Structure formats: C-alpha cells, structure tokens
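Numbering (this note's numbering), first residue to last: 4 to 68.
Idealized CB from N, CA, C, for every residue including glycine.
The structure presented is a predicted model; accordingly, all values stated were derived computationally and were not measured.
Only one structure is covered here, and it is reproduced in the block below.
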C-alpha cells in the first residue's frame, strides 16, 4: 500500500493538480484524496479509472505495486 500512495501523490503532482483540484473533479472530499494518498483507503475501480484519465496516465502506471 505504501508504493500506491507514493504513486498517487506523484501522479497528482505530475498532473500539476492540488488535492483540492482532484477532490473537486472527482466529486469527493479533500480528505478522501488525502486518505487515498496516505494509503488509509483505496479508490474504487471506477474512481481509479477516473484518476487515470485525470492524471493522463495509464491505470497500470499509477497503480504499479
């Protein structure tokens, strides 16, 4: 799970987005985005796909174990 949070945060930064930006685009709270990045929770499959589009990265790249 630790690598997942690093990948999510790195992908977001690479997309030049803040946690607030992602929360707004994903229709979730900023706290949800923070929890994804910290590994406290995981996005659903559909949310993962949306993150992939939002970050303009293949899903497999973002979620490499």
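Cβ contact annotation for residue 52 (same chain, cutoff 8 Å, sequence separation greater than five): 62, in chain order. Counting the other Cβ atoms within 10 Å of the Cβ of residue 65 gives 16 or more, which makes it buried.
By the criterion of a C-beta distance shorter than 8 Å, residue 44 is surrounded in its chain by 35, 38, once the five residues flanking it on both sides are discounted. Between the alpha carbons of residue 10 and residue 21 lies a gap of roughly 15 Å.
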